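Chains as they are written, first to last, in the working numbering: chain V, 14 to 185; chain X, 4 to 297.
Only one structure is covered here, and it is reproduced in the block below.
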Amino acid sequence: MRTFFLPVMVMFIFVLESIIVDLVPIPFLSDHQVAVPHLLLLMIVILAAYGSRKIAVIYGIVFGLLFDVVYTQVIGIYAFSFPTLAYLVMQALRVLNPNIFVLIFLTELSVALLEFFTYGIYLLIRMTAVPLQLFTIDRLLPTLALNFVLACVLIYPLKKFVLGLKIGEHND
Amino acid sequence: MPQFFLNKRLIVLLVGIIILVALIGFSLKEDRNLSWQEKFIQDSVGLVQKVFHQPAQYIAGFFENLNHLKNTYEENELLRKQLNNYIQLEEKLQELEQENKQLKEELKLSADNDIRKYKSIQGTVIARNPDRWHDYIKIDKGEQHGIKKDMAVITAKGLIGKVKNTSEFTSTVQLLSASDRKNRISAMVHTNNGKVFGLIVGYSEQENALEMNIIESNAQIKENQIVATSGLGGVFPEGLVIGKVKKVELDSYGLTKIAYITPSADFYDIDRVMIIERVLPTVDINQLEEEEDS
Numbered sequence: 014m015r016t017f018f019l020p021v022m023v024m025f026i027f028v029l030e031s032i033i034v035d036l037v038p039i040p041f042l043s044d045h046q047v048a049v050p051h052l053l054l055l056m057i058v059i060l061a062a063y064g065s066r067k068i069a070v071i072y073g074i075v076f077g078l079l080f081d082v083v084y085t086q087v088i089g090i091y092a093f094s095f096p097t098l099a100y101l102v103m104q105a106l107r108v109l110n111p112n113i114f115v116l117i118f119l120t121e122l123s124v125a126l127l128e129f130f131t132y133g134i135y136l137l138i139r140m141t142a143v144p145l146q147l148f149t150i151d152r153l154l155p156t157l158a159l160n161f162v163l164a165c166v167l168i169y170p171l172k173k174f175v176l177g178l179k180i181g182e183h184n185d
Numbered sequence: 004m005p006q007f008f009l010n011k012r013l014i015v016l017l018v019g020i021i022i023l024v025a026l027i028g029f030s031l032k033e034d035r036n037l038s039w040q041e042k043f044i045q046d047s048v049g050l051v052q053k054v055f056h057q058p059a060q061y062i063a064g065f066f067e068n069l070n071h072l073k074n075t076y077e078e079n080e081l082l083r084k085q086l087n088n089y090i091q092l093e094e095k096l097q098e099l100e101q102e103n104k105q106l107k108e109e110l111k112l113s114a115d116n117d118i119r120k121y122k123s124i125q126g127t128v129i130a131r132n133p134d135r136w137h138d139y140i141k142i143d144k145g146e147q148h149g150i151k152k153d154m155a156v157i158t159a160k161g162l163i164g165k166v167k168n169t170s171e172f173t174s175t176v177q178l179l180s181a182s183d184r185k186n187r188i189s190a191m192v193h194t195n196n197g198k199v200f201g202l203i204v205g206y207s208e209q210e211n212a213l214e215m216n217i218i219e220s221n222a223q224i225k226e227n228q229i230v231a232t233s234g235l236g237g238v239f240p241e242g243l244v245i246g247k248v249k250k251v252e253l254d255s256y257g258l259t260k261i262a263y264i265t266p267s268a269d270f271y272d273i274d275r276v277m278i279i280e281r282v283l284p285t286v287d288i289n290q291l292e293e294e295e296d297s
């Protein structure tokens, strides 16, 4: 019964991401700077750390595909990168101790990887023509800053939520 | 070498990359309509989005109103001044409209074939693309409400974009600020000596303005002149306001002019939109070619 809450929660985060971008003005940003809240990625990182590895990868594929179909309309980019990042995070946590600081660091790292990956693909298929320098200043740095704040605020409650579901292989 | 093929992870990764490339190739096909699976996902997710987005919009609207309350007095003064002008303007408009009607009757122009006429469908925004690479918004009206691909979408302030694709109950709108070179709109500038036609070819990130190519290199275009759709592209009606000219430059070859246009609509604060259906039927180029062939 408890595992029923997980898809509802992830779906809520999926919708919330769009609502934040649409309705919440993000402070300290100039006109052409863009900050993207990667809440879904944060949730998948936490699932990989505290839930089970299988569930993290499956949720990565399903919600990545949903993200592609509903929002970006270029199918494949997020459906590929979410599970890959979940897998990489799990590999990293084999050597690292999963405390909150390590998780914040891993989230930032996966956000940066995701941004570079999407930028690379869009550059390749000519959906964007932004030069690398502009991309770094106008998009990557604000996004990393925003996700740092989001991760600091949300990691603890989301960790409690995932551990409360008792799906993990290694409950601590 | 056999060990190379036994590595399960590597094979999964390779298969993943192959599927990725195939799917991207599939979704980049020109003039692709959504498959029924995608339509089904769009519709069912759209339902969830609608449930969450509307209360969120009320809350955001409440905070916005609080912000507006701060400078109500100054705004009120300004509006009172403008209201006097407005009444005069309205009188003049009525006069001109009547004159226009009379002249048209004298010329026996029928009103049905007017390229300016349109029907509008009201819609509400239910989502926005969170990865901000493409500026897409999703609205709560779809094929069932009569929306078709490539229709113009406006707010009260002006043109914001066109319908990119539709599902049964929702549709995706590509905003003018999206950096898509295929997103071209036939437009015109109202100058002192008549209309000057051109083509809006995209959004310039550096200028924060729309880029418009004008072929007449001796056209007298000045700042603050109004730009509207020309209706010559075949899908949009004539006369939807796009924005004002910000500055004019010669292009790198010195043959055509590039006008930068500040859009009159706000692309970030969009709540309610109108989808525009032109009354004059659209000419299908493919059909024309077939007729010419036969």
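Each residue gets a CB set at the ideal place from its N, CA and C atoms; glycine is no exception.
Owing to the predicted nature of the structure, the values given are computational and were not obtained by experimental measurement.
Chain X within 8 Å of residue i, Cβ atoms only
i	result
residue 171 of chain V	no
residue 31 of chain V	yes
residue 68 of chain V	no
residue 58 of chain V	no
residue 86 of chain V	yes
residue 75 of chain V	no
residue 138 of chain V	yes
residue 131 of chain V	yes
residue 24 of chain V	yes
residue 72 of chain V	no
residue 186 of chain V	The question about residue 186 of chain V has no answer here: the residues shown for chain V are numbered 14 through 185.
residue 167 of chain V	no
residue 157 of chain V	no
residue 141 of chain V	yes
residue 79 of chain V	yes
residue 101 of chain V	no
residue 115 of chain V	no
residue 34 of chain V	yes
The beta strand (DSSP E) enclosing residue i, as first and last residue numbers
i	result
residue 275 of chain X	275-281
residue 200 of chain X	197-207
residue 30 of chain X	That residue, residue 30 of chain X, is in no beta strand (DSSP E); its alpha helix (DSSP H) goes 11-30.
residue 177 of chain V	Note, residue 177 of chain V: premise wrong, no beta strand (DSSP E); alpha helix (DSSP H) at 154-178.
residue 103 of chain V	It is not in any beta strand (DSSP E) - residue 103 of chain V instead sits in the alpha helix (DSSP H) that spans 90-108.
residue 121 of chain X	121-131
residue 165 of chain X	162-169
residue 266 of chain X	260-266
residue 177 of chain X	174-178
Delimiting residues of the alpha helix (DSSP H) encompassing residue i
i	result
residue 66 of chain V	66-80
residue 49 of chain X	39-73
residue 133 of chain V	113-137
residue 156 of chain X	Run containing residue 156 of chain X: none in the alpha helix (DSSP H); it sits in the beta strand (DSSP E), 155-157.
residue 217 of chain X	Here residue 217 of chain X belongs to no alpha helix (DSSP H); instead the beta strand (DSSP E) covers 212-217.
residue 60 of chain V	52-63
residue 23 of chain V	18-36
residue 253 of chain X	Note, residue 253 of chain X: premise wrong, no alpha helix (DSSP H); beta strand (DSSP E) at 244-253.
residue 146 of chain V	145-148
Residue-chain proximity (residue i, chain V), Cβ-Cβ < 8 Å
i	result
residue 207 of chain X	no
residue 57 of chain X	no
residue 180 of chain X	no
residue 14 of chain X	no
residue 175 of chain X	yes
residue 255 of chain X	no
residue 162 of chain X	no
residue 211 of chain X	yes
residue 170 of chain X	no
residue 21 of chain X	no
residue 203 of chain X	no
Buried or exposed by the 16-neighbour rule on C-beta atoms within 10 Å, applied to residue i
i	result
residue 220 of chain X	exposed
residue 93 of chain V	buried
residue 38 of chain X	exposed
residue 108 of chain X	exposed
residue 120 of chain V	buried
**OP:** Determine, using beta-carbon pairs with one atom in the region 232-246 of chain X and one in the region 118-125 of chain X, whether at least three such pairs fall under 8 Å.
**Re:** yes
Subject >> Selection of the region 116-145 of chain X by Cβ proximity to chain V, strictly under 9 Å >> reply: 128, 129, 130, 131, 132, 133, 134, 135, 136, 137, 139, 140, 141
Original post:
Three or more beta-carbon pairs under 8 Å between the region 125-134 of chain X and the region 26-34 of chain V, yes or no?
Top reply: yes
Subject >> chain V contacts from the region 261-278 of chain X (Cβ-Cβ distance under 7 Å) >> reply: none
**OP:** Tell me, please, whether the region 171-185 of chain X touches the region 138-147 of chain X by the rule of three or more beta-carbon pairs shorter than 8 Å.
**Re:** yes
Subject >> Interfacial residues, the region 35-66 of chain X to chain V, with Cβ spacing under 7 Å >> reply: 41, 44, 45, 48, 51, 52, 55, 56, 59, 60, 63
Subject >> the region 40-55 of chain V touching the region 22-32 of chain V, judged by at least three CB pairs closer than 8 Å >> reply: yes
Original post:
Counting pairs of Cβ atoms below 8 Å between the region 212-228 of chain X and the region 245-261 of chain X, do you hit three or more?
Top reply: yes
**OP:** Kindly confirm or deny that the region 69-89 of chain V and the region 13-20 of chain X touch, where touching means at least three C-beta pairs closer than 8 Å.
**Re:** no
Original post:
Does the region 66-78 of chain V come close enough to the region 226-236 of chain X to have 3 or more Cβ pairs within less than 8 Å?
Top reply: no
Original post:
Which residues, in order along the region 38-52 of chain V, keep a beta-carbon less than 9 Å from a beta-carbon of chain X?
Top reply: 38, 44, 45, 47, 48, 49, 50, 51, 52
Original post:
For the 8 Å Cβ check, are there 3 or more pairs between the region 102-110 of chain V and the region 39-47 of chain X?
Top reply: no
Original post:
Below 8 Å, can you find three or more Cβ-Cβ pairs linking the region 154-165 of chain V to the region 112-126 of chain V?
Top reply: yes
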